[in-house]
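**Q** Take this structure first; my questions come after.
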Amino acid sequence: MFAGHFGLAAAVKAKHPETPLWALMAGTQLLDILFVPLLLSGVETMVPVGEGGYGGSVIHADYTHSLVGALIIALLAGLAAWKWWGKRSAVVMGSLVFSHWLLDLLVHRADLPVLPGNLGNLPLMGFGVWRSPGISMALEIALIVVGSVMYYLSLRSRIRKATKSGNSRPSLLGRAMWTGAVMAGLLALSLVSDLLGIG
């Protein structure tokens with residue numbers, strides 16, 4: 006699940022316009038952003054399973070995707086958001102960062118540890134929805150569609166208010182078009198990466 010996280014960011018932006026969309030989108034992917042250098046350095050790994058395809062890897066992200074690790078990363082992201090955009094954005098950002106782990110818990114096989122480094126070898130978590138590619142894709146598409154529609158409706162409302170107050174309508178329309186194009190591209194990228202087993 007890649008673009009599904011972005012769909013959630015769009016939905017959150019519809020309800021909390023004070024936090025920049027780019028920050029919300031980065032927040033939804035922060036665990037994966039931090040995973041990449043650890044993957045490249047060999048600290049965290051991915052192991053293909055079965056024939057590959059949608060969710061075709063067991064991910065050993067024992068630091069970035071551990072329950073406690075995700076909570077710490079979410080807390081730090083929330084503190085940064087508080088500094089830049091205020092208390093409400095801090096709560097939104099921290100929650101959104103942690104939502105990545107919750108969505109991963111739903112789709113991952115049992116590969117999510119409780120403690121960083123899988124300390125104590127506690128049971129790994131994951132409900133394994135990725136084992137059902139059709140359900141996984143439907144869930145991801147639903148997140149993108151719902152988030153995009155919510156964001157579009159909030160933009161339309163803001164355009165109406167801006168027009169009534171005499172502010173620039175083209176600026177908001179440009180944002181709506183840009184966001185729609187980005188979301189469509191992310192959905193396509195996500196589905197391709199998931200089908201190839203790298204998502």
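Our numbering applies: residue 6 is where the sequence shown begins, and numbers increase by one.
Where a beta carbon is used, it is the ideal one built from N, C-alpha and C, also for glycine.
1. Below 8 Å on the Cβ atoms is my contact criterion, and I expect L13 with G152 to pass it. Report the Cβ-Cβ distance as a whole number of Å.
2. Enumerate in chain order the residues of its own chain whose CB-to-CB distance from Y68 is below 6 Å, with the five nearest sequence positions on each side excluded.
3. Between which two residues does the beta strand (DSSP E) harbouring P53 extend?
4. Give me the DSSP bridge partner(s) of V96.
5. Report the rounded CA-to-CA distance for L111 versus S104, giving the unit in angstroms.
6. Contact between the segment 112-131 and the segment 30-49: three or more CB pairs below 8 Å?
7. S94 and A86 - do their beta-carbons sit closer together than 8 Å?
8. Rounded to whole angstroms, what is the Cα-Cα separation between L160 and V154?
9. Considering only C-alpha positions, which residue in the set V150, K88 and L108 is nearest to G133?
10. By a C-beta neighbour count over all protein chains shown, 10 Å radius and 16 as the cutoff for buried, is E23 buried or exposed?
11. Rounding to the nearest angstrom, what Cα-Cα distance links I77 and L117 in this structure?
12. Sorted by chain position, which residues of the same chain lie with C-beta nearer than 6 Å to L201's C-beta, five sequence neighbours on each side aside?
13. Is L101 near L29, with beta carbons less than 8 Å apart?
14. Assign L117 to one of three DSSP states: helix, strand, or coil.
15. Mind checking who L62 pairs with in its DSSP beta bridge?
16. Let me know if I164 comes out buried or exposed under the rule of 16 or more other beta-carbons within 10 Å of its beta-carbon.
**A** This is what the structure gives:
1. 6 Å
2. G74 and P121
3. T50 to P53
4. DSSP, once it has assigned bridges, lists no residue as partnering V96.
5. 11 Å
6. no
7. yes
8. 10 Å
9. Checked all of V150, K88 and L108; the closest Cα to G133 is L108.
10. exposed
11. 15 Å
12. Bear in mind that the predicted position of L201 carries a pLDDT of just 47, short of 50, making it unreliable; the figure below should be weighed with that in mind. Excluding residues within five positions, none has a Cβ falling inside 6 Å.
13. yes
14. Three-state result, L117: strand.
15. The sequence shown places Ser at residue 62, rather than the Leu named in the question. Paired residue(s): P53.
16. Classification for I164: buried.
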